[in-house]
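Each remark here refers to the structure printed beneath this line.
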Amino acid sequence: VARVESDIITYNAAVSACDKGGEWAHALGLLVKMASARVQADTITYTAAVSACKYGPCWQHSLALFSELSELSPKPEGMVLGSVVNACRMANAWALACLVLANELSRWLTLDRFNDRERFHMPTLTFGKDGVHILLQHRGLLAVLKTPDISTEALLEQVHDSLRDVSGPELTRVSRLDSATSGVLVIALGSGASASANYARAQFAGRLVMKTYHCLCSGNGLGCIGSKAIRSAPLSTTVANDAILVHVPAFGGREACTTFLVKACYQLMGPRGTQERSFTLAEVRPITGRTHQIRAHLGSLGRPLVCDAVYGSQTCVSESQWCPRLFLHCGRVALRTVDASLFRAEAPLTQDLIGALGMLRRVEGLG
């Protein structure tokens, strides 16, 4: 920072860089330098600094910064609050995390008057127009079935168009699935500043949302049926030619943790009944929510997902002969609505993936 003019723009860029790099101590140090240089921090500064605090044992700093941010902005975004909640959660300060979340939700509800039921009433729907499959809706949240042939953003547009004739609020994306992934996609009913959107984002950022995926990975098994495993390894992301590649670095990276539960083991038989390859059907729960986390973690273990052209390119061509796409499906998402109700949306495995499993022989014992 000393090599360029020290103004709010350069400081914000530096604090944001600390957030992306997980350098929480340097982010806090920059705030001290800003005060010494009499540069007034703004909402961008506080947002980045609060986010950076989730990487270290500094939940007290996170709370203090969030309090200062609340004085500048009457309605801090849910993603920022999620960072505070996550910092408290990592310090085992669960009671404090719940208190902060409840207090902010109360303020969000007051500011956008979400408790006016008539304003946000929507009839219960099963299918929207254009084939949009609505799985569940309740008090500000909507869950739809995402198919593998559409991106999250395009699906959001489809949902918006299918509900065009229904009197109701705007739609806001609060989570996403990769284009090749199918399953449950949660959408907030309301604008990006609404209580429903902010509360959902806070839960996603605070790692309070339970997400369950089903995947089929190739290679030696992850253990016997019913066994559990945890992959905790930082991830780094690189972008080249608009393509995203995530890997486990030798040093650095962002915290990432994934749990696996072995559900079934399969074999693909070769010519004349010879065993060709082994596969494991697993129930996966990403504790963190990094880009390509499940795919990168399993790929780093030498168990890439079936038909993963990025992290399992050596086997993808042969697998595409019996599996039409990446074998990754979000089967369940659970979080809370603004009235504290449990919102749990489920989507069974799609027919194309069920058909792929039918091409394999199920076996017992070790995968």
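For the sequence shown, the numbering used here begins at -19 and goes up steadily by one.
Heads up, the beta-carbon is just placed ideally off N, CA and C, and yes, glycines get one too.
According to DSSP, what are the bridge partners of glutamate 349? In the structure as shown, the chain starts at -19 and stops at 347, and residue 349 therefore has no counterpart that could be examined.
Limits of the unbroken beta strand (DSSP E) element including serine 47: Here serine 47 belongs to no beta strand (DSSP E); instead the alpha helix (DSSP H) covers 39 to 52.
Report, in whole angstroms, the separation of the C-beta atoms of alanine 28 and leucine 85, which I expect to be a contact under 8 Å. Going by Cβ atoms, the distance from alanine 28 to leucine 85 rounds to 23 Å, so no, they are not a contact pair.
In the DSSP assignment, what residue or residues form a beta bridge with leucine 278? Answer is none; leucine 278 lacks a bridge partner.
Would you call the CB atoms of valine 343 and cysteine 197 closer than 8 Å? For valine 343 and cysteine 197, no; Cβs fall outside 8 Å.
Residue closest to valine 154, alpha-carbon to alpha-carbon, out of Asn66, Gly62, Pro128 and Thr238: Gly62
Is the segment 181 to 201 touching the segment 256 to 267 in the sense that three or more CB pairs, one from each, lie closer than 8 Å? yes
Buried or exposed: phenylalanine 107, going by 16 or more other Cβ atoms within 10 Å of its Cβ? Low local confidence applies: a pLDDT of 49 at phenylalanine 107 is under 50, so the model's placement there is unreliable, and no value is given.
Taking the straight line between their C-alpha atoms, what separation do you get for glycine 186 and arginine 69? A straight line joining the alpha-carbon of glycine 186 with that of arginine 69 spans about 8 Å.
Nearest candidate by alpha-carbon position, reference arginine 337, set Arg283, Val139 and Phe307: The sequence given here has leucine at residue 337, not arginine. Answer by Cα proximity: Phe307.
Would you mind giving the Cβ-Cβ distance between alanine 44 and glutamate 3, rounded to the nearest angstrom? I have them listed as a contact below 8 Å. With 8 Å as the limit, alanine 44 and glutamate 3 do not qualify as a contact, their Cβ atoms being about 19 Å apart.
Helix, strand or coil for methionine 70 per DSSP? helix
Bridge partners for proline 266 per DSSP, in chain order? In DSSP, proline 266 forms a bridge with Thr238.
Quick check: the Cα distance between threonine 23 and isoleucine -11, rounded to an integer number of angstroms? 12 Å
To the nearest whole angstrom, what separates the beta carbons of alanine 230 and alanine 213, a pair I think is in contact under 8 Å? Actually they are not in contact, since the Cβ atoms of alanine 230 and alanine 213 sit about 11 Å apart, beyond 8 Å.
If you run the structure through DSSP and keep just helix, strand and coil, what is threonine 25? Looking at threonine 25 - three-state DSSP - the assignment turns out to be helix.
Status (buried if at least 16 other CB within 10 Å, exposed otherwise) for aspartate 141: exposed
Helix, strand or coil for histidine 272? Go by DSSP, reduced to three states. coil
By DSSP's criteria, glycine 111 is part of a beta bridge. Which residues make up the other side? According to DSSP, which records beta bridges pairwise, glycine 111 is partnered with nothing at all.
If you draw a straight line from the C-alpha of tryptophan 39 to the C-alpha of leucine 125, how long is it? When only Cα atoms are considered, tryptophan 39 and leucine 125 end up about 37 Å apart.
Measure the CB-CB distance between valine 164 and valine 313 and report whether it falls below 8 Å. Closer than 8 Å, so yes.
Judging by CA-CA distance, which residue of Thr260, Gln247, Thr271 and Asp332 is the nearest neighbour of serine 216? Thr271
At what residues does the beta strand (DSSP E) containing arginine 377 begin and finish? As displayed, the chain neither begins before -19 nor continues past 347, which places residue 377 out of reach and without an answer.
Using CA atoms only, rank isn't needed, just tell me which of Ala75, Thr161, Ser(-4) and Ala168 is closest to leucine 329. Thr161
Look at the alpha carbon of cysteine 310 and the alpha carbon of alanine 327, and state the distance between them as a whole number of angstroms. 7 Å
Every unbroken beta strand (DSSP E) inside the segment 191 to 233 [3 residues or more]: 208 to 212, 216 to 220 and 223 to 227
Can you look up phenylalanine 94 in the DSSP assignment and give me helix, strand or coil? Below a pLDDT of 50, predicted positions are generally treated as unreliable, and phenylalanine 94, at 45, falls in that range; the measurement from the model is reported next regardless. Correct three-state label for phenylalanine 94: coil.
Endpoints, beta strand (DSSP E) assigned at serine 162: Its beta strand (DSSP E) spans residues 162 to 169.
State buried or exposed for threonine 90, treating a residue as buried only when at least 16 other CB atoms are found within 10 Å of its CB. exposed
Could you compute how far the alpha carbon of proline 348 sits from the alpha carbon of cysteine 296? There is no way to answer for residue 348, as the model of the chain reaches only from -19 to 347.
Cβ neighbours of alanine 17 in the same chain (closer than 6 Å, five flanking residues each side left out): Once the five neighbours on either side are set aside, the close Cβ partners of alanine 17 are Ser(-14).
Please classify glutamine 294: does DSSP put it in a helix, a strand, or coil? helix
Name the one or two DSSP bridge partners that histidine 118 has. Leu121
In whole angstroms, what separates the C-alpha of alanine 173 from that of glutamine 183? 15 Å
Span separating the alpha-carbon of serine 298 from that of proline 128: Cα to Cα, serine 298 sits roughly 20 Å from proline 128.
Of the residues Asn200, Gly199 and Ala244, the one placed nearest glycine 206, counting alpha carbons only: Ala244
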